[in-house]
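Each protein sequence line maps, in turn, to chains A and B.
Here the numbering used here is used: the first residue of the first sequence is 15, the next is one more, and so on.
Here the numbering used here is used: the first residue of the second sequence is 3, the next is one more, and so on.
Quick reminder that beta carbons are idealized off the backbone N, C-alpha and C, glycines included.
Report on one structure; see the data block that follows.
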Amino acid sequence: MWRYVLRRLAEMVPTTFGVLMLSFILFYVVGGSPAQTVLGQHASQRAIAAFDAANGYDLPLFFGNWYAIDALRRAPGGGTELAFSLGPGRYELPGATRLTLREAATGTLRTESGRAEVEVPEGWSLIRAEGATRVLRHTRHFFDSQFVRYLNGLVHLDLGMSLETKQPVTRVLAQGLLPTLSLSVPILFFGAVLGVVLGLLCAASQGGLLDRGVLAFSTLLMSVNYVVWILLGQFLLGFKWPVFPIWGYESAYYLVLPVLIGVVSMLGADVRFYRAAILDEVYRPYVRTAVSKGVGRGRVLFVHVLRNSLIPIVTYVSLSIPYLFTGSLLLESFFGIPGLGSVSINAINSADMSVVRAVVIFGALIYQVVNLLTDIAYGWLDPRVRFAQ
Amino acid sequence: MSGAEAKTAATEAAAQRGPSAWKRLWGDWGTRLCIVAIALYTLTALYGEAVYRYHKGSLWEGAPACLTWAPERVAPYNALHMEARYLPPLSKVTWPAHTLADGTPVPAREHRYWLGSDNLGRDVLQRLVQGARIAFHVGVMTSLIAIPLGVLLGCLGGYFGGKVDSFVVWLCATVSAMPGLLFILAIALIAGKGLFGIYLGIGLTTWVSVCRNIRAEVIKHRDRAYVQAARVLGYSHGRILFRHILPNVMHIVLISFSIRFPASVATEVFISFLGIGVQGEPSWGIMINNARARLWQGIWWELTFVSVAIFLLVLIFNRLADALRDVFDPALRNR
Chain A
15 MWRYVLRRLA EMVPTTFGVL MLSFILFYVV GGSPAQTVLG QHASQRAIAA FDAANGYDLP
75 LFFGNWYAID ALRRAPGGGT ELAFSLGPGR YELPGATRLT LREAATGTLR TESGRAEVEV
135 PEGWSLIRAE GATRVLRHTR HFFDSQFVRY LNGLVHLDLG MSLETKQPVT RVLAQGLLPT
195 LSLSVPILFF GAVLGVVLGL LCAASQGGLL DRGVLAFSTL LMSVNYVVWI LLGQFLLGFK
255 WPVFPIWGYE SAYYLVLPVL IGVVSMLGAD VRFYRAAILD EVYRPYVRTA VSKGVGRGRV
315 LFVHVLRNSL IPIVTYVSLS IPYLFTGSLL LESFFGIPGL GSVSINAINS ADMSVVRAVV
375 IFGALIYQVV NLLTDIAYGW LDPRVRFAQ
Chain B
3 MSGAEAKTAA TEAAAQRGPS AWKRLWGDWG TRLCIVAIAL YTLTALYGEA VYRYHKGSLW
63 EGAPACLTWA PERVAPYNAL HMEARYLPPL SKVTWPAHTL ADGTPVPARE HRYWLGSDNL
123 GRDVLQRLVQ GARIAFHVGV MTSLIAIPLG VLLGCLGGYF GGKVDSFVVW LCATVSAMPG
183 LLFILAIALI AGKGLFGIYL GIGLTTWVSV CRNIRAEVIK HRDRAYVQAA RVLGYSHGRI
243 LFRHILPNVM HIVLISFSIR FPASVATEVF ISFLGIGVQG EPSWGIMINN ARARLWQGIW
303 WELTFVSVAI FLLVLIFNRL ADALRDVFDP ALRNR
């Protein structure tokens, strides 16, 4: 057993690495710096550079000794000049013919001619660079990169600040977790129970009126758009016949309608899947044996068949467990439930990328963990899985 | 063997195989209805595209002068008529004569709102047609991204096995670990608001299932006699894979298309509903978002018609997907 667990853990490493890499590529390489979004369209070049430097968005992506900073602007007389003075550090300015440094305290000027590389000491700043075409800054060490900082942040659970709420992202996520779970766990539970029961009924009367009716009805159910389900549910059960409240998170009663909508919107696809999974078992020899030795129909179905079709069913259910944590985007924001779903929607609407990023990474990592646990459970339940190579 | 004999042999072989897939599909009245309905939807979308292009004033952006014409000022689906707001279906009104800002007079005109008007007096029917156009754009474009990607990776992984396969499986596992809708939204957000972001978001996340299905099917074919024969004949891997195996797994592509088309339309509705998708054009998601505010005051028609349009499109594709699976993949018949 322990060998199996260790093997599964080792197998988890590449996928987790892939997930971290994919998120990094999406949010850091393609997404780039959010400076413009955060500081506004009219932010000065200096403010953007300062923002990037403070957050490390100008560092090399993976590794490197030099990184370019956007510190040049077009000079009035042609050519380029420094847009702002550069603080202490080591710089390389290709093409520079004359560099001017100034000490902040005394105002002493120092010029260096014919040198493209300069070490600005503490208390000094580089104020002019004639003829420079690029500004490169030396990293503190070879691996002082965005990727390493990103991994470091993840390890320390430091996912940055939320721009909207001005709180650490981790706290925002932690606050949203309980409301989300209180909505998504009942949806998963009732959905699975109802789906499996309907699937069993269908499979029991395969080809019959009930089966065909439920099947056709599930196809109808799964064709209704999710958005429409929510609007319809709120309109009918919250407004026309005001049975349920439609906004708030005060008592369990507030959760009834969203849970109902969540279950119904998933039911069509679920029933079809469960029915198929059960039908895969119905024609197995052991079922024939059980029937021919006179076991009752209900017992065959609910004890023999259900037990054996549990594996695909559990897989199907476990695949949706990660979504328990990321929550239902629309359901939560429509019913005013302050969970991760509405947090994500707000973040998306206000382009608060640090929160979106955190929820995506968090969801992907949860998925890894759940996958691992499911596989361990399989190995524990079924020795064949454990010893299969 | 003479030509006639070959022909008889071919007919006999065909008789043994039973009726062709197309005949079996067309023979079932439910499926036939679906195919006809999809054709109607396609025609509607094409009509919408024609209207859209006509009002854009050119066949495509930057078309040569011979394919460019003077566009009308306001497309009918965006024309505002504040005097005709919230009209129920079938209402008939006369748009009053007025003068445009540049002095062009516009005569009074009668107009029938077959499906009613919205909060700005725009014609719901016209907007619905444009919505169909956008839905088809999304369905087709995302398929053009996802299916080639999935087929290529699935074929390579399934055929070559070993390290290539490990890489493909790893890529699939990685992408499918990302939280679906949120991942799509993040991609769309980063690519920028608009249809392009939606294409990329949906296309780059949904190729995984295509890839997995194709890979599984290619693995089944990899060691069959005809592939071995092709190998013995010294054909290159590319030729065996794409000329011999791929045609035999093409039905997976067809089934995948019919499954992912409605799924991507539904996702687009969702994204546009959130305001991240299409800008300035009437997507179905935008129409729902626009209509929901007034539903409570009894303005039911816009929301109803949009919902029904989406529902029918998704339903007929789901039904078609089931039929295709029954015909091509009897082993999966129960699913």
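- Bridge pairing for K94 (chain B): B:R114 [DSSP].
- F319 (chain B) counts as buried, since no fewer than 16 other beta carbons sit within 10 angstroms of its beta carbon.
- Boundaries of the alpha helix (DSSP H) harbouring E219 (chain B): W209 to R224, taken from the DSSP string.
- Between V316 (chain B) and chain A, the shortest Cβ-Cβ separation is below 9 Å.
- Sequence-distant partners of I375 (chain A) (beyond 5 residues in either direction) whose C-beta falls short of 8 Å from its own C-beta, in its chain, are V33, L34, S37, L168 and L173.
- Buried is the label assigned to D324 (chain B), since at least 16 other Cβ atoms lie within 10 Å of its Cβ.
- Check the Cα spacing between I301 (chain B) and each of B:P90, B:R55 and B:T207: the tightest is with B:P90.
- In the DSSP assignment, H100 (chain B) is bridged to B:V108.
- Going by DSSP, E95 (chain A) is part of the beta strand (DSSP E) stretching over T94 to L96.
- Per DSSP, the beta-bridge partners of L100 (chain A) are A:L140.
- Here the alpha carbons of F77 (chain A) and L229 (chain A) stand approximately 56 Å from one another.
- In the three-state reduction of the DSSP assignment, T114 (chain A) falls in the strand class.
- Against chain A, the CB of W298 (chain B) has a partner CB under 9 Å away; the residue lies at that interface.
- At a cut-off of 9 Å between beta-carbon atoms, I325 (chain A) makes no contact with chain B.
- Within chain A, L234, S237, V238, N239 and V242 have C-beta atoms less than 9 Å from the C-beta of F313 (chain B), given in sequence order.
- Unbroken alpha helix (DSSP H) stretches of 4 residues or longer found wholly inside the stretch 348-403 of chain A: 354-363, 367-395 and 397-401, given in chain order.
- With a cutoff of 9 Å on beta-carbon distance, S60 (chain B) and R87 (chain B) are scored as not near each other.
- For the pair of segments examined, the stretch 174-192 of chain B was found not to touch the stretch 126-138 of chain B: the number of CB pairs separated by less than 8 Å stays below three.
- Spanning the alpha carbons of S364 (chain A) and E178 (chain A) requires a straight line of approximately 7 Å.
- Here P193 (chain A) really is in contact with I351 (chain A); their C-beta atoms are around 5 Å apart, less than 8 Å.
- Short of 7 Å from the beta carbon of E51 (chain B), and not among the five residues preceding or following it, lie these beta carbons of its own chain, in chain order: R135.
- The same chain holds no residue with a CB closer than 7 Å to that of N385 (chain A) once the five nearest residues on each side in sequence are set aside.
- According to the DSSP assignment, H139 (chain B) belongs to the alpha helix (DSSP H) that extends over V126 to F162.
- DSSP, read as helix, strand or coil, puts Y88 (chain B) in coil.
- Of all residues in the stretch 30-46 of chain A, those with a C-beta nearer than 9 Å to a C-beta of chain B are T30, F31, G32, V33, M35, L36, S37, L40, F41, V44, G45 and G46, reading in chain order.
- The beta-carbon distance between W138 (chain A) and E117 (chain A), rounded to whole angstroms, is 5 Å. This is short enough to meet the 8 Å contact definition.
- By the beta-carbon neighbour count (other beta carbons within 10 angstroms, threshold 16), S168 (chain B) is exposed.
- Interface with chain B (9 Å Cβ-Cβ cutoff): Q189 (chain A) is excluded.
- Looking at B:T10, B:A81 and B:R262, the one whose alpha-carbon comes closest to that of V210 (chain B) is B:R262.
- Remark: three or more beta-carbon pairs, one from each stretch, lie closer than 8 Å, so the stretch 147-154 of chain B and the stretch 205-222 of chain B are flagged as touching.
- Shown here for G199 (chain B): same chain residues with a beta carbon closer than 6 Å to its own, the five before and five after excluded, namely A190 and A193 in chain order.
- A straight line joining the alpha-carbon of L322 (chain B) with that of Y43 (chain B) spans about 14 Å.
- The contact set of Q382 (chain A) on chain B, defined by CB atoms closer than 9 Å, consists of A179 in chain order.
- A119 (chain A) and R60 (chain A) have their C-alpha atoms roughly 21 Å apart.
- Under the three-pair Cβ rule at 8 Å, the stretch 205-215 of chain A counts as touching the stretch 283-294 of chain A.
- Against chain B, the CB of L271 (chain A) has no partner CB under 9 Å away; the residue lies outside that interface.
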